[in-house]
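Novice: Dropping a structure here in structure tokens format, bear with me for questions.
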Amino acid sequence: MELIADRLGRLCSQASGGRLQKYAEQFGVAEILDLIIGAIGRGTAGPELEDALDRLDDAFARNGIDGLTMGNRGFEGWRGGEGHPTVTAWMCPGSRSCSRAVPVESGDPPVCPLLGRPFAKTQISL
Numbered sequence: 008m009e010l011i012a013d014r015l016g017r018l019c020s021q022a023s024g025g026r027l028q029k030y031a032e033q034f035g036v037a038e039i040l041d042l043i044i045g046a047i048g049r050g051t052a053g054p055e056l057e058d059a060l061d062r063l064d065d066a067f068a069r070n071g072i073d074g075l076t077m078g079n080r081g082f083e084g085w086r087g088g089e090g091h092p093t094v095t096a097w098m099c100p101g102s103r104s105c106s107r108a109v110p111v112e113s114g115d116p117p118v119c120p121l122l123g124r125p126f127a128k129t130q131i132s133l
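Numbering (the numbering used here), first residue to last: 8 to 133.
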């Protein structure tokens, strides 16, 4: 619940001057803002309130305003490791491949029952 309290604090700080309501109306989420304000007035804090905060954040983010209740997000590069982990698998040999993949085990590759050609060994990034 502390996270919800933090999010409500950020929302409260954005509410002065009436711009929050104006933007909520412009972005089509005025009813969500009203639901949040009602929940605050009733002292209700549950999954519905968190969902409403998420929907409000999403609507504002879609319109170029990020971090309304969650704070600004930052992105950083992947730390450590050499690239992304991979899995080796046998994949469809067709030029328009199907989604079938078979784990690589010792031995020969399986043969595609439709094309009659052996599967191709492929690295799949996770």
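Note that beta-carbon positions come from the ideal geometry of N, C-alpha and C, so glycine has one too.
Using only the alpha-carbon positions, how far apart do V36 and S132 sit?
Specialist: In a straight line, the C-alpha of V36 is about 39 Å away from that of S132.
Novice: Look up S106 in the DSSP assignment and say whether it is helix, strand or coil.
Specialist: S106 falls in the coil class under three-state DSSP.
Novice: Using CA coordinates, which residue listed in W97, I11, K128 and I44 is at the minimum distance from L27?
Specialist: Comparing Cα-Cα distances from L27 to each of W97, I11, K128 and I44, the minimum goes to I44.
Novice: If you measure between the beta carbons of P120 and W97, is that distance less than 8 Å?
Specialist: Taking 8 Å as the Cβ cut-off, P120 and W97 do not qualify as a contacting pair.
Novice: Sorted by chain position, which residues of the same chain lie with C-beta nearer than 7 Å to C99's C-beta, five sequence neighbours on each side aside?
Specialist: Closer than 7 Å at Cβ, skipping near neighbours: C105, R107, C119 and F126.
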